[in-house]
Amino acid sequence: MVLKEILLRNFRNYNKLNLNFNKKANLILGPNGVGKSNLLEAIYILAFGRSPWAATNNDFINFEQDWSTVCGKASDRNIEIKVKFLRDGKKLVEINGQAAKSSSELVGIFTQTLIGHQEIDIVRGAPADRRKLMDIHISQTDPEYLEALGKYNKTLISRNKVLERLARGGVVGGKVLLSSIDDVLIEKGAYLIRKRVQFIEKIKSGCATFFQALSRDDSKLLIRYAPSFYFKEESQIEDLFQDNLNRNYSKEISSYRTLTGPHRDDLKINLGGRSLKRYGSWGQARSASLAILLASAKELADHFHSEPILLLDDCFSDLDDYHSQQLLELAPSIGQTFITSPKPLVLKPHQEGIIFQINQPGIVEMVT
Amino acid sequence: MFSRRVNIPESLSAVCDQLSKLPGIGYKTAYRLTFFIISRPPEESLALARSIEELIGKVKYCSVCFNLTESDPCPICSDKSRDRGVICVVENPNDLFAIEETGEYHGLYHILGGAIAPLDGIEPDQLHITELVERLKDDEVREVILATNPNTEGDVTAAYLVKIIKPLGIKISKIARGLPSGSDLEFADKSTLKRALKGRTDE
Ligand SMILES: Nc1ncnc2c1ncn2[C@@H]1O[C@H](COP(=O)(O)OP(=O)(O)OP(=O)(O)O)[C@@H](O)[C@H]1O
Ligand SMILES: [Mg+2]
Ligand SMILES: [Zn+2]
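Chains A and B are the protein sequences, given in the same order.
Using our numbering, you'd call the opening residue of the first sequence number 1 and step up by one each time.
Using our numbering, you'd call the opening residue of the second sequence number 369 and step up by one each time.
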């Protein structure tokens, strides 16, 4: 869904800001520290109710004020989202004037893919970054996934707690309790695993195509889901999950940690048959990360038959001219794109878009 | 709340302290409520105090199902017209009230007094599970309906009960499907709850 308009009040370094966006490319340019990423953060909040970066509700509120709002309007349907932050840390979410129970109700409305410093290194980064990529994208297409993920994580913490209690020798009916927790963990976990299998299947060919388009490299990019335990058929997931939990019991009871499950999943990313993480160059790893993110954004588009939002925060600084140009063309072809950069960027003459220039903190000028 | 220079009568801050211990009531609200209580006609505020006193004095937990009641066993447990073959297991009395409201259920209840929550230190032996198992030994009981809340604690509690009850050979069903997840039973609207009760699944 295209974001037509945003209204910020007392948000970070913006006291009052009202911008209308282009449905294709929106470039946000200006020197360091003027508030470019703050704008992207506001757009991200419309999709997830929170910051993509470590930030608390309080951080969003302008230093001089005691509340802040982010309001966004869609162009295709009549959708208006408002998120208000108060100094006591409270957050109020409204969808079309109706109070939402939690920000999870926002997920799936303004669907988004963020490409920032952390995301651009997804291939070389930690397994948790790759799981986050899957989680963020699947959650937007499937509210049940988001719910299952929340329950899974909580069950996991409970399980580790019970392992600790068992190790210390004192829970009445502890074994039965542990196996009850296992039942819930396996039910939710199996759901996550199946959805992740499907998701990777869906983005697989897109990853290869985008990689070629980005990089002039003919080697094939292959992305494979690497669950924490091997299964041949999806129908085996529950049983094998249980087997693994049983097998690891003695190790788990001494470490108070659950050693199998989707919280230990990863992705294997190969180029021309070799692990990119181990053998690839920085440039190749970057291109592959970008390809995976673009393919994930494309999957949002395919799922909803509607364009997602792509947030590209400062990801041009390490790309050469060729890659920059390719990315600048590819992203807006998938969905409405917002790009921040402290260095000048230009759109090709045939490209539709607007440039916002911020020269002084909090003051946004429209250039075209 | 106030700086130390402000001299607040001790009895006033005592009420504040008590009110702020209630769930969902912060210090600010507690002060507002206290000022409201003292500004009302004395007989109205005293009526509140007396009704609390009466509540504590009269209301007990039913010795059979752990429902809140003034008579023991509670009116539901002593109601001969109810189906004694079915027991619906809920976490709290509020959940019982929510199900009673639907008018859809005519069996008995068993209130656990919470849910298994290892993170909050709540383990099975702190709930009325042994008492439930005792009740199930009665030949009259044909079916147990698990109506724990549709959240992680509720799911774990239900899974635990299935393991405990299954060996007894009694039919077990679950209602929680279709209820908005993460919510509490007591907040589910009537029609959703009705649907959930009708469309329960076997375990
Ligand atoms: N709550 C707030 N109130 C007022 N100003 C804030 C608040 N939070 C952050 N800022 C200001 O916002 C600025 C940072 O903005 P932002 O991160 O958007 O910069 P940027 O334009 O993306 O810079 P760069 O090019 O370095 O990434 C800082 O100068 C900071 O002081
Ligand atoms: Mg920035
Ligand atoms: Zn009773």
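By construction, the Cβ of each residue, glycine as well, lies at the ideal position given by its N, Cα and C atoms.
Asked, Found
"Report buried or exposed for D572(B), applying the criterion of at least 16 other Cβ atoms within 10 angstroms of its Cβ.", "Chain B is shown from 369 up to 571; residue 572(B) falls before or after that span and cannot be answered."
"For Y44(A) versus P31(A), is the C-beta spacing smaller than 7 Å?", "no"
"Are there 16 or more other CB atoms within 10 angstroms of the CB of A182(A), so buried, or fewer, so exposed?", "Reading off the sequence, residue 182(A) comes out as Asp, not Ala. Buried."
"If we cut at 7 Å on Cβ distances, does I138(A) have a partner in chain B?", "no"
"Give the DSSP bridge partners of W67(A), in chain order.", "L86(A)"
"Using the beta-carbon of each residue, which ones in chain B are nearer than 9 Å to T155(A)?", "T520, D523, V524"
"Starting from the N-terminal end, write out each residue whose C-beta falls within a distance shorter than 7 Å of any non-hydrogen atom of ligand 2.", "K36(A), S37(A), D313(A), D314(A), T340(A)"
"Judging by CA-CA distance, which residue of K82(A), R159(A), L185(A), V123(A) is the nearest neighbour of L149(A)?", "L185(A)"
"Taking only beta-carbon positions, decide if G215(A) is within less than 7 Å of chain B.", "According to the sequence displayed, residue 215(A) carries Ser and not Gly. No, because no Cβ of chain B sits closer than 7 Å to the Cβ of S215(A)."
"Would you kindly work out how many angstroms separate the C-alpha atoms of L269(A) and L221(A), rounded to a whole number?", "Correcting the residue identity first, residue 269(A) is Ile in this sequence and not Leu. If I take the Cα positions, the gap works out to 7 Å."
"With a threshold of 7 Å between beta carbons, is D183(A) in contact with chain B?", "yes"
"Going by DSSP, name the residue or residues bridged to S275(A).", "N270(A)"
"What are the start and end residues of each continuous beta strand (DSSP E) run of 3 or more residues lying completely inside the stretch 461–535 of chain B, in chain order?", "475–479, 511–514"
"Where does S180(A) land, buried or exposed, given buried means 16+ other C-beta within 10 angstroms?", "buried"
"Going by DSSP, name the residue or residues bridged to T437(B).", "K428(B)"
"Do you know how far the Cα of L380(B) is from the Cα of D135(A)?", "51 Å"
"Tell me E459(B)'s beta-bridge partners as DSSP assigns them.", "In DSSP, E459(B) forms no bridge with anything."
"List the residues that DSSP assigns as beta-bridge partners of G353(A).", "A25(A)"
"Does ligand 3 have a heavy atom nearer than 6 Å to the CB of P518(B)?", "no"
"Determine the burial state of F11(A): buried for a count of at least 16 other Cβ atoms within 10 Å of its Cβ, exposed for fewer.", "buried"
"So Q212(A) is in the alpha helix (DSSP H); what residue range does that whole segment cover?", "174–215"
"Go to D385(B), then tell me how far its alpha helix (DSSP H) extends in each direction, as first and last residue.", "378–387"
"Can you give me the Cβ contacts of N359(A) inside the same chain, cut-off strictly under 8 Å, excluding the 5 residues immediately before and after it?", "G30, P31, V34, E365"
"Going by the C-beta, is P461(B) closer than 6 Å to any heavy atom of ligand 3?", "no"
"Just checking I316(A) against ligand 1 - is the residue's beta carbon closer than 6 Å to any of the ligand's heavy atoms?", "Sequence check: residue 316(A) is Phe here, not Ile. Every heavy atom of ligand 1 is 6 Å or more from the Cβ of F316(A), so no."
"Which of the three DSSP states, helix, strand or coil, is assigned to G150(A)?", "helix"
"Is DSSP giving F110(A) helix, strand or coil here?", "coil"
"Please list, in chain order, the chain A residues whose beta carbon lies closer than 7 Å to that of E499(B).", "The premise fails here: E499(B) is roughly 15 Å from chain A at the closest Cβ pair, so nothing lies under 7 Å."
"Step through the CB atoms of chain A and report whether any lies within less than 7 Å of the CB of L514(B).", "no"
"According to DSSP, what are the bridge partners of I309(A)?", "Q112(A), Q336(A)"
"Taking C-beta pairs closer than 7 Å, name the residues in chain A that L487(B) reaches, listed in chain order.", "I157, S158, K161"
"Along chain B, which residues have their Cβ under 7 Å away from the Cβ of S180(A)?", "V524, A527, Y528, K531"
"Pop quiz: V458(B) and I479(B) are said to be a contact at Cβ under 8 Å. What is the actual Cβ separation, rounded to whole angstroms?", "6 Å"
"How far does the beta strand (DSSP E) with I120(A) in it extend, from its first residue to its last?", "I120(A) -> no beta strand (DSSP E), and no H or E assigned at all."
"In whole angstroms, what separates the C-alpha of S371(B) from that of K396(B)?", "Reliability of the predicted coordinates at S371(B) is poor, the pLDDT of 49 falling under 50, and the value obtained from them is presented with this limitation in mind. Rounded to whole angstroms, S371(B) to K396(B) spans 14 Å at the Cα level."
"Nearest to K348(A) by alpha carbon, out of N26(A), W67(A), G170(A)?", "N26(A)"
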